[in-house]
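Peer 1: Please find one structure pasted underneath; my questions will follow.
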């Protein structure tokens, strides 16, 4: 968080009034803090859940897989629904997102109270997923509406960096709690619940409730929603520029193979001890964390289309690096490239799509975009799994690289230039 | 405009107070949970050995290995098996990510080898001679699919001291053709009397197969689909296994018996869903664990291997059964 106060040198200070875009808006920082705290809460549960269910409760892995996978489809629907409700106006973004955060926090109590009952656990996990599905699109819409359009990249970069920080801290907190209590899972749930509530509280106290209420935190820039240049209305996904972004993101999503495959290839290439396996995602997340803000700033300076495409270029390089025998140096390179890929594409995509959507259709539009990308990635991962089975790892990876290159070429033609006007 | 800063101060104050209450409460809970003391790992009592023949199992109340109708004097284990000269005990290590300690004991529960592997304890098996040991853990995090676990199965040969950390490296033939896939998982090894051949489950592409492996030749081939957790009969002619019979996650499996001579199978009299690698108590009786009323606790049951009869309760609050025969006269 410390760079927030000092950051702010812009490329072209003459074209805008002094002070505008110099600081990341308070709302974005507040939303980042909410995500940080919430991710600590949720990742600490994610880290211990398999242990708790299988060892603590004696659930079979099949049952666990069922519980875990059961709600993926429903999450997509809920996300779309959350976006639409949030768009109904009257400052509902915060209400809908807040309800999502609260539901996830309460689900920890559900886990605690369910004891060993599989039905209760399923309900608690469903509530958590529901909350996660509901809140994502309104939250990103709020970020895109509270930062000036020309500083959206940095705003999303700051948010994603804070979010990732929470995700990195969560398992550590869980580890500390388990260590202090000789594996009392209930203590993990209680701490997670308290931390989750704290996240909701930060949202309620520090994120302004939208156009209906007065701006609660001193902000250099008013939310863009009041000055939206487009005609308000909920014809969001119909906008041609937005449709192009969705098409490009979906296309590229289907050409990615899934991170776990990359980690698996790395682990096998290195002969890495399984105990060290968690270090791989950790390394990529650390790179993401470090690069998210710089990538966002670059996106603001040169337009978001280029970093988005170059980010996928980094992923392509990672695939190519894995085609040759893996050594420690290549492994490090792959993790850096993967972190760069996320830094240059995840928040940047939201910054690219946000301005193409009318303020009143933004949450719904972003939900469509996120859902489309997530489903496409699922298809891509499944396809790669099948290709690996048929052809072996290396040929499958070569095919994936060709597919991604083709996807990139197509996306280059499809994508509009996201440079702020 | 003085109202805004004052409102901000109020908000910060509210947040600080709430944070103190919430985090203080959490800390209090954690400290109290720490005093509760969780499950402590206990070594075997000096008097507890495998010399006395009979049924041994893991006692749910104490988490220790017990002899039937005796006190639970054995070591703390999450999974247990024993045969011949050795016993195998799987223990979940505290903390996350999950790790399992596999301890090999002699008949007097002196630890002679300890191996730490990633994952959650699942299956433990010792060959009849006690020279080959195998264990399976659920490894978390190395599966490409978000949902679902991957398993990791190790084989330890005490004659040479050689440890196969993951059986996944064995060349596998599926339906006569050499097979490569990223999602190959093995679990539930059962050794033949020759201390070389073994049976196990291999799962890939969403299907499970019975696999026959050869340690000396280091190769494996699938024999049949939809066979999990095989358990080879003492005479080596039959395999008890759990067969997936339903898509209902609450009751997916049923115990079956496969005759290796003609590969014909028949269901056993147990109609409840069994998620265990059954154990042969003798040439005609199988023992297995079934969930009891309380979560995480199971009871032991037996059922005839020929498909006749009905399940009989063997022991309450128990799992990991093993029948120890009288030691051969010196």
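Chains as they are written, first to last, in the working numbering: chain Y, 1 to 421; chain S, 1001 to 1330. Glycine included, every Cβ here is placed at the ideal spot set by N, Cα and C.
(1) By the 9 Å beta-carbon criterion, what residues does the segment 1163-1193 of chain S contribute toward chain Y?
(2) Look up residue 1152 of chain S in the DSSP assignment and say whether it is helix, strand or coil.
(3) Skipping 5 residues on each side, what residues in its chain have a beta carbon closer than 7 Å to that of residue 1246 of chain S?
(4) For a contact meaning CB atoms closer than 9 Å, what does residue 190 of chain Y contact in chain S?
(5) Using three-state DSSP, classify residue 171 of chain Y as helix, strand or coil.
(6) With distances taken from CA atoms, which of S:1325, S:1327 and S:1319 is nearest residue 1072 of chain S?
(7) Can you tell which of S:1035, S:1215 and S:1225 has the C-alpha that lies nearest to the C-alpha of residue 1205 of chain S?
(8) Take the Cβ of residue 150 of chain Y as the centre, count every other Cβ of all protein chains shown within 10 Å, and call the residue buried at 16 or more, exposed below.
(9) Using a Cβ-Cβ cutoff of less than 8 Å, which residues in the same chain neighbour residue 1263 of chain S once the five nearest sequence positions on both sides are dropped?
(10) According to the Cβ coordinates, are residue 1280 of chain S and residue 1237 of chain S closer than 8 Å?
(11) With a threshold of 8 Å between beta-carbons, can residue 422 of chain Y be considered close to chain S, or not?
(12) Compile a chain-ordered list of the residues in the segment 1086-1097 of chain S whose CB is closer than 9 Å to at least one CB of chain Y.
(13) Is the segment 355-362 of chain Y close to the segment 284-300 of chain Y, with three or more CB pairs under 8 Å?
(14) Against chain Y, does residue 1202 of chain S count as a neighbour if the rule is that its beta carbon must be under 8 Å from one of theirs?
(15) Is the number of C-beta pairs between the segment 1103-1118 of chain S and the segment 1073-1081 of chain S that are closer than 8 Å three or more?
(16) Suppose the cutoff is 8 Å on Cβ atoms and the five residues either side in sequence are ignored; what does the same chain contact list for residue 1321 of chain S look like?
(17) Between residue 102 of chain Y and the rest of its own chain, which residues show a CB-CB distance below 6 Å, the 5 nearest in sequence each way excluded?
(18) Please report the straight-line C-alpha distance between residue 242 of chain Y and residue 364 of chain Y, rounded to a whole angstrom.
(19) Can you tell which of Y:253, Y:99 and Y:181 has its C-alpha closest to the C-alpha of residue 374 of chain Y?
(20) Report buried or exposed for residue 306 of chain Y, applying the criterion of at least 16 other Cβ atoms within 10 angstroms of its Cβ.
(21) Does the segment 191-206 of chain Y come close enough to the segment 384-393 of chain Y to have 3 or more Cβ pairs within less than 8 Å?
(22) Along the beta strand (DSSP E) that carries residue 1228 of chain S, what are the first and last residues, could you check?
(23) Looking at chain C, is there any beta carbon in it that lies within less than 8 Å of the beta carbon of residue 95 of chain Y?
(24) What's the gap between the Cα of residue 84 of chain Y and the Cα of residue 156 of chain Y?
(25) Of all Cβ atoms in chain Y, is any one closer than 8 Å to the Cβ of residue 1019 of chain S?
(26) Counting only C-beta atoms, is residue 1144 of chain S closer than 8 Å to chain Y at any point?
(27) Can you check whether the C-beta of residue 376 of chain Y is within less than 8 Å of a C-beta belonging to chain S?
(28) Once DSSP output is grouped into helix, strand and coil, what is the label at residue 1136 of chain S?
(29) Can you tell me whether residue 370 of chain Y is buried or exposed? The criterion is at least 16 other CB atoms within 10 Å of its CB, across all chains shown.
(30) Can the beta-carbon of residue 1271 of chain S be found closer than 8 Å to that of residue 1229 of chain S?
(31) What residues from chain Y crowd round residue 1036 of chain S, counting only those whose CB sits closer than 7 Å?
(32) Please go through the segment 85-134 of chain Y and give each complete alpha helix (DSSP H) segment of 4 or more residues, from N-terminal end onward.
(33) Measuring only the C-alpha atoms, how far is residue 1169 of chain S from residue 1115 of chain S?
(34) So, at 8 Å on beta carbons, what are the nonlocal neighbours of residue 401 of chain Y in its own chain, with the 5 sequence-adjacent residues on each side left out?
(35) Whole angstroms is fine: what's the gap from residue 203 of chain Y's alpha carbon to residue 43 of chain Y's?
(36) For residue 35 of chain Y and residue 1011 of chain S, I'd like the C-alpha separation in whole angstroms.
Peer 2: Looking at the coordinates:
(1) 1165, 1166, 1179, 1180, 1181, 1182 and 1183
(2) strand
(3) 1252
(4) Per Cβ cutoff of 9 Å: 1025, 1026, 1029, 1030 and 1033.
(5) helix
(6) S:1319
(7) S:1225
(8) buried
(9) 1223 and 1224
(10) no
(11) Any answer about residue 422 of chain Y is impossible in this case: the structure gives chain Y only from 1 up to 421.
(12) Residues 1092, 1094, 1095, 1096 and 1097.
(13) no
(14) no
(15) yes
(16) If we look at residue 1321 of chain S and ignore the five residues flanking it on each side, its Cβ neighbours are 1055, 1056, 1057, 1279, 1281, 1287, 1288, 1289, 1300, 1314 and 1315.
(17) 200
(18) 12 Å
(19) Y:253
(20) buried
(21) no
(22) 1228-1232
(23) This model lacks chain C altogether, as its protein chains are Y and S.
(24) 21 Å
(25) Taking Cβ atoms only, chain Y reaches closer than 8 Å to residue 1019 of chain S, which makes this a yes.
(26) Summary for residue 1144 of chain S: the model assigns pLDDT 35, below 50, so the residue's position carries little reliability; its value from the coordinates is reported in the next sentence. So yes, residue 1144 of chain S belongs to the interface.
(27) no
(28) strand
(29) buried
(30) Their beta carbons are not under 8 Å apart, which means residue 1271 of chain S does not touch residue 1229 of chain S by this criterion.
(31) 184
(32) 92-114
(33) 19 Å
(34) 316, 319, 320 and 323.
(35) 19 Å
(36) 19 Å
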